[in-house]
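Numbering (the UniProt record's numbering), first residue to last: 1 to 137. One structure is given here, and the rest of the page talks about it.
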């Protein structure tokens, strides 16, 4: 149901935008990298999604994080936080989450431990939504 990003295109866009050759994209370099995909995002929304995508919290995106950003932007409306978080944690671009990522997503959604329905193994988006407390569905 989700379309994986073109990894070769991601690499080309990343390298072209990485003007200081740091092998990392700073937030001000990301807009030009996204132009290769005809993806437009305003600065405010980019800052919001950057916090989610920048999983190691170093203030920059490596090629893997940039590819996840492209994946999210190609497949989700940014107002749908559940889908954005799901896609940002879909490490293999296959529409499945590995069990180890569930807890972090629940924390980002503000779901407390008592409300969480933990499922081990891989989970698709529909099952992920069912795992959420009723108030978030």
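All C-beta atoms in this analysis are idealised placements derived from N, C-alpha and C, irrespective of residue type, glycine included.
Given this structure, state the Cα-to-Cα distance separating residue i from residue j, to the nearest angstrom.
i	j	result
residue 66	residue 10	8 Å
residue 7	residue 93	11 Å
residue 95	residue 22	30 Å
residue 43	residue 98	31 Å
residue 41	residue 17	16 Å
Contact defined as beta carbons within less than 8 Å: I believe residue i pairs with residue j. What is the distance between those atoms, to the nearest angstrom?
i	j	result
residue 70	residue 5	4 Å
residue 60	residue 34	About 15 Å; that fails the 8 Å criterion.
residue 78	residue 105	Residue 78 to residue 105, Cβ: 16 Å. No contact.
In the structure shown, what three-state DSSP assignment does residue i receive?
i	result
residue 83	helix
residue 42	coil
residue 60	strand
Can you give me the Cβ contacts of residue i inside the same chain, cut-off strictly under 8 Å, excluding the 5 residues immediately before and after it?
i	result
residue 87	2, 68, 71, 72, 75 and 76
Apart from the five residues just before and just after residue i, which ones in its own chain have a Cβ nearer than 7 Å to its Cβ?
i	result
residue 124	95 and 96
With respect to 7 Å, is the separation between the Cβ of residue i and the closest non-hydrogen atom of the ligand FMN below this value?
i	result
residue 26	Of ligands this structure carries none, so the ligand FMN is not represented either.
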